[in-house]
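Chemist: Below: one structure in structure tokens.
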Amino acid sequence: LKLEMPTVNLDREVSLLATVPGVVQSLKKCAVTWQKLISRVLEEQLRMVPQDNGPLAEIYLWREKNETLRALTAQIKLPEVQKILEILQKAESGFTADLQILLSDLRRHHMQAQDNAKFLSTLERHLKNLSTGTGVDVISNTIPSLLNALRLLWIMSRHYNKEERMVPLLERISWEISARVRRVVDLQTLFKQDIAAAKKKITEARNTLEQWKKCYFTTCVQVEESGSKRYWKFDTKHLFEKTDYMVSICQDLYDIFQVAEELQNMFIPELITVSENPKGVDELQREVNIVISPMEDLTFDPFNMESARDWGFVIEEFREDVTVEIVEQIFVENHKDPPRYKNHPPVAGAISWSRSLYHRITHTITRFQEEEEELLASERGKEVKQIYLQVAEKLKQYEDEKYHLWRERTEHMLPLLLKESLLTVATDGAATKKSICFTLNFSPEIQEIITETKYMEQLGLPVPEMARYVALQEDKYLRYTNKLKAMLDCYHKLMEMINEAEMKLLDHCIQVLWKMLKAGHKRLTWKSVGIGEFIVQCTQTIGKLELLVHQIHHISEDISSKLQSIESTNLFRFPHSKNGDKHPGAKEFFDYVKCEQAKVVEQMVRKYSAIPKLLIEVERRVANTNSGKSPKLASYYAYWENKIYQVLTQLIVKNLQAFNAAVLANVPLLQIEAVLCVPEITLQPNASEIEKMTVQCIQDCVEVTKHFIRWMHGTCIECPNQQVKADEVVTFSFYTDVSQSPLIIEQADLITQNINKLLASLSKCLNQWQKYDLLWKSDKDALLDRLAAEKPACVIFDEHLQFYMKVIQEVTSQPLIKDEQFIRLQLAPLALAVQENAKSWMMSLGKLLNDLAREELFSLQDEIQVGVFSL
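Using the working numbering, you'd call the opening residue of the sequence shown number 537 and step up by one each time.
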């Protein structure tokens, strides 16, 4: 919208322009167009109404009016337009008065639109939540804040503080709330959902509608209390007629789902036992679905008030269909195996189930009697009433039969069950002391009778006196059973802790305990008065025995620790080489091992000697003596003596295995020398001496067990030395038994074989040096005499000298160390001897050559002298 502007020049003064007729006439024509435009716009604005029924449409309407009128008002305020109006007024034109009235109306309508748009914008966020919120809960949370904003609008606005403006806005809000609830409670999808989810959705929708009305009246009170003289005295019937009707529809829908849930809970309640007839359950579910199915195919909108009569017919038909036929079918299908809620006993659960069926049909008939008497008066109603009486009679007979059978069985069985013993005894296979197992003998039937009795009394049915007495003693029986279970658990754990040797050791204590426990197996019943005392005595005895067992185990662990230390002792401690090439000789090596063995054996014997003291401590706790020879501990002494034998055997076997591994490892531990003992090359020490030292080392290892003295029979006291002959003393040690162990003999033989193989390999290594044996086996004097007699040429001497020089060089290039498994063979002495022999030959040949040369020189000198004299 744009005001048309004149083409005349308005640069001169207003007073001058007002006197120019042509200018005034031109400006008047222009003002007429303005008047027509403004009148048309105002008429259009007054005719404008919201585009839909929602409250947001009213906000958008006033916002649009404000924009339109603001555009016109802004143009009227332009300096050029104001000058034109001033010129026309100066010219005293009668047209000006009408135009000013119109402009005043424009300003008034603009201020109203501006004010309404501003105040309504405070509601926009809340109204958008109503219109586009994700769920009913958003609407419900929005209503209080929305009504508070409406209260402020009523107080502060100059236009929405009147009934004629506020009521239409409230009606639009009410329409929006009902429309949103209608979209949420969509019958096409509601009946396809889970019953619990549908009930929740309906409840939320109903609560939202009710909250709208409740918050409205709360706001009315707040408006009155604010001191305002303008109260909310609107027509609430017209305002809430639609929403109140929707609340009633929601309640009807909730009742429908409630009935469906109750019918299903009769045969498939949550957390109940599974029926033996699943096909019957499926059939009953289909029956329930048939009752509900008409609701899914309605041809009208139940929330439409015009369809109230149609909806009433549907509800009446539904209530009539939910009759005793379904309940009767449920009873017929499930009475042999009635479903029951969790923790309900069989009989009381079945009676509760039958009563729930009875309540269902009674509730339905009663409702018809109170609300729909004409329906019962019809033919269909009479038929339903007759079926109701038949089903009610069946349910009553079912309850009576279940109850009387239970009562008879309880009166017969309960005395027998209470006469049963507290404990039963069971054995695993062949009966041994450790296999005897005591178990709790509290029949589950007693607990079932107690539970049945409690539920029967809740149902108002009389119970047998003995059953009532036992039910009243439930806490006592529960306390007894829990304490007996705990006591038996301690007993069985204790038996698991005890080995065979300890069973023999503690035989007397265990027999005392068994005697107590057998009282619960043979003498005490669930009617006895001494059950609590029995539990206390058994628990105390088990506790004392358990304490004794723990003490014995503590001592046993100490003994085992000492034996473990003995078993893990290293009897072959080898000397460390002083540098990388220097290793001890054979005798030095074996002497070192023997010396180290003596040191560790002393420590081992001290640990062994401490064991009898620990066993005497066990004797003191078990037999109250400290002699070391108690007959009660004879088998226990033998048990540990056998353990010691096994440990010593393992000690020797493991050490011999370690020594054998050291022999075979390619790590030199000792060294020997290859020497020349003319005419043979041999080892120093020789092979037989090395083998003898090895065998002695093995023997020393086994003889370590001679230091461990055996105990006298039936005691833990060491055997004294026995004088066999005047000069012979016999000591009873573990050596006699350990040395005969096949494992030790086998291992000793294996070491000896490996040593022999090693020495044979070293001897074979020396054979390559036999090629030089002519150096010491040849007759040097005879050879030199022959050469002296032959007087060979110098070249012959040179050949011999070159040969011996080559031998020296060849020996020099040979490796002087040979490592073979755990022995390092030093070849330097042999090489030096060969070189010395070669050098000796060279010296002898040199001396011979010198003698022969001197002899020839002297002979030549004599010839020269003879020649000189002859001249």
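Note that the Cβ used here is the ideal one computed from N, Cα and C, for glycine as well.
Do L954 and F974 count as a contact pair if the criterion is CB distance below 8 Å?
Modeler: Contact flag unset, no.
Chemist: So is C566 buried or exposed if we call it buried at 16+ other beta carbons inside 10 Å?
Modeler: It is buried - the Cβ of C566 has at least 16 other Cβ atoms within 10 Å.
Chemist: Counting Cβ pairs, one atom from each stretch, are 3 or more of them under 8 Å apart for the region 1294-1310 and the region 1233-1242?
Modeler: Not touching, per the Cβ criterion.
Chemist: For Q933, name the three-state secondary structure that DSSP assigns.
Modeler: Q933: helix per DSSP, three-state reduction.
Chemist: For V585, which three-state DSSP category applies?
Modeler: It is coil, neither helix nor strand.
Chemist: Alpha carbon to alpha carbon, how far is H880 from I808? Give it in angstroms, no decimals.
Modeler: Here I808 scores only 39 on pLDDT, less than 50, and its place in the model should not be relied on; the value that follows carries that caveat. Straight-line Cα distance between these residues: approximately 9 Å.
Chemist: Might you give, ordered along the chain, the residues of its own chain that have their beta carbon closer than 7 Å to the beta carbon of S957, omitting 5 neighbours on each side?
Modeler: Excluding residues within five positions, the ones whose Cβ falls inside 7 Å are N977, G1056, H1057, K1058, L1060 and T1061.
Chemist: Quick one: is C786 buried, meaning 16 or more other Cβ sit within 10 Å of its Cβ, or exposed?
Modeler: So C786 ends up on the buried side.
Chemist: For V1203, report the span of its beta strand (DSSP E) as first-last.
Modeler: No beta strand (DSSP E) contains V1203, which DSSP labels as neither H nor E.
Chemist: Taking just the CA atoms, how far does Q1357 sit from L1205?
Modeler: For L1205 and Q1357, the distance between alpha carbons rounds to 9 Å.
Chemist: Can you name the start and end residues of the alpha helix (DSSP H) that E1155 belongs to?
Modeler: First-last of the alpha helix (DSSP H) with E1155: A1122 to A1159.
Chemist: Can at least three beta-carbon pairs, one atom from the region 604-622 and one from the region 723-735, be found at a separation below 8 Å?
Modeler: Touching, no, given that fewer than three Cβ pairs across the two stretches are closer than 8 Å.
Chemist: Taking C-alpha atoms, which residue in L1008, K1383, A1369 and V1203 lies nearest to R1360?
Modeler: When only C-alpha atoms are compared, the closest one is V1203.
Chemist: According to the Cβ coordinates, are S1269 and I1245 closer than 8 Å?
Modeler: Yes.
Chemist: Any idea what DSSP makes of Q1258, helix, strand or coil?
Modeler: Reduced to three states, the DSSP call for Q1258 is strand.
Chemist: Using the Cβ count rule (16 or more neighbours within 10 Å means buried), how would you classify I574?
Modeler: Result: buried.
Chemist: Just verifying my parser: in three-state terms, what is the DSSP assignment at V1266?
Modeler: In this structure, V1266 counts as strand in the three-state DSSP scheme.
Chemist: Given that a residue counts as buried once 16 or more other Cβ atoms are within 10 Å of its Cβ, and exposed if not, what is E907?
Modeler: Low confidence applies here, because E907 scores a pLDDT of 47, under 50, leaving its location unreliable; read the following figure in that light. By the 10 Å Cβ count, E907 comes out exposed.
Chemist: Would T744 be called buried (16 or more neighbouring beta carbons within 10 Å of its own) or exposed?
Modeler: With 16 or more Cβ atoms within 10 Å of its Cβ, T744 is classed as buried.
Chemist: Quick one: measure Cβ to Cβ for I1071 and K1019, integer angstroms, because I've assumed they're closer than 8 Å.
Modeler: Yes, they are in contact, since the Cβ atoms of I1071 and K1019 sit about 5 Å apart, within 8 Å.
Chemist: DSSP three-state call for V1274: helix, strand or coil?
Modeler: If DSSP states are grouped into helix, strand and coil, V1274 belongs with the helices.
Chemist: Beta strand (DSSP E) containing T975: first to last residue?
Modeler: Taken as a continuous stretch (DSSP letters only), the beta strand (DSSP E) holding T975 covers I972 to L976.
Chemist: Report the residue from A715, D651, E700 and E699 whose alpha carbon sits nearest the alpha carbon of T668.
Modeler: Among A715, D651, E700 and E699, the Cα nearest to that of T668 belongs to A715.
Chemist: Evaluate C1252 with the Cβ neighbour count: other Cβ atoms within 10 Å of its Cβ, from every protein chain shown; 16 or more gives buried, anything less gives exposed.
Modeler: Counting Cβ neighbours within 10 Å, C1252 comes out buried, since at least 16 surround it.
Chemist: Helix or strand or just coil, what does DSSP make of V717?
Modeler: It is helical.
Chemist: Going by the CB atoms, is the gap between L656 and T755 shorter than 8 Å?
Modeler: No; because the gap between Cβ atoms is not below 8 Å, this pair is not in contact.
Chemist: Below 8 Å between beta carbons: does that hold for I1095 and L1150?
Modeler: Their beta carbons are under 8 Å apart, which means I1095 touches L1150 by this criterion.
Chemist: DSSP on R1360, reduced to helix/strand/coil?
Modeler: It is a strand residue.
Chemist: Given a threshold of 16 other Cβ atoms within 10 Å of its Cβ, counted over all protein chains shown, does R1390 qualify as buried or as exposed?
Modeler: The residue in question, R1390, is exposed, as its Cβ has fewer than 16 Cβ neighbours within 10 Å.
Chemist: Rounding to the nearest angstrom, what Cα-Cα distance links R1156 and L1107 in this structure?
Modeler: The alpha-carbon atoms of R1156 and L1107 are separated by roughly 35 Å.
Chemist: Helix, strand or coil: which one does DSSP assign to E549?
Modeler: Here E549 sits in coil by DSSP.
Chemist: Which term fits Q926, buried or exposed, when burial requires 16 or more other beta carbons within 10 angstroms of its beta carbon?
Modeler: Flag for Q926 reads exposed.
Chemist: Taking V550 as the reference, give the member of L1294, A886, E1239 and K626 with the closest Cα.
Modeler: When only C-alpha atoms are compared, the closest one is K626.
Chemist: Are the Cβ atoms of D780 and I851 separated by less than 8 Å?
Modeler: Against a cut-off of 8 Å, the Cβ pair of I851 and D780 comes out as no contact.
Chemist: Can you check which of these residues, L1187, V1006 and G1068, is closest to Q1283 by C-alpha distance?
Modeler: When each option's Cα is compared against that of Q1283, the closest is L1187.
Chemist: With C-beta atoms as the reference, is C1026 less than 8 Å away from I1091?
Modeler: Not a contact, by the Cβ cut-off of 8 Å.
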